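S.K.:
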Amino acid sequence: MACILPGHIRGNHFHVERKELILVVHDDQWSLHWDEGEGTSILTRTFSGAGAEALSISPGAAHALRNDGGSPMWIFAATDGPYDPERPDAYKRVVTGG
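One point on numbering: in our numbering, the residue at position 5 of the sequence shown is 690, and numbering is uninterrupted.
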């Protein structure tokens, strides 16, 4: 669980082995930035208003969430495998500025 303040970004990473499920709870505008693997185009989708969105992120797809609005937004994330501190399975790849 994390809070993303206005103007901030969470993500800019990918997972090699695990799928990630993210629930975004929002009151204002935010954007999703992602690719479909190394060397693919960066895609963006903007959301506005209040609501919740569920995202399923495939292994290898870099992703980031940016709070473009004026109020905090919340994310709840889970993976399809246990966390191993010896092998965290999160690798940096920037899909949005910041």
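Glycine residues also receive a C-beta, built at the ideal position from the N, C-alpha and C atoms. Quick caveat, the model's predicted, so the values are computed rather than measured.
Beta carbon of D774, beta carbon of V709: below 7 Å?
M.R.: It is not a contact, given that the beta carbons lie outside the stated cut-off.
S.K.: Where does A739 fall in DSSP's three states?
M.R.: Looking at A739 - three-state DSSP - the assignment turns out to be strand.
S.K.: Taking only the alpha-carbon atoms, compute the straight-line gap between W719 and K777 and give it to the nearest angstrom.
M.R.: Between W719 and K777, the C-alpha separation is close to 12 Å.
S.K.: Run through DSSP, which three-state label would I727 get?
M.R.: DSSP places I727 in coil when its eight states are reduced to three.
S.K.: How far does the beta strand (DSSP E) with L708 in it reach, from first residue to last?
M.R.: It spans 705 to 711 - the beta strand (DSSP E) in which L708 sits, taken as one unbroken run.
S.K.: With which residues is T764 paired in a DSSP beta bridge?
M.R.: According to DSSP, which records beta bridges pairwise, T764 is partnered with E705.
S.K.: Do you know offhand how far W759's Cα is from A687's?
M.R.: Distance between the alpha carbons of W759 and A687 is about 6 Å.
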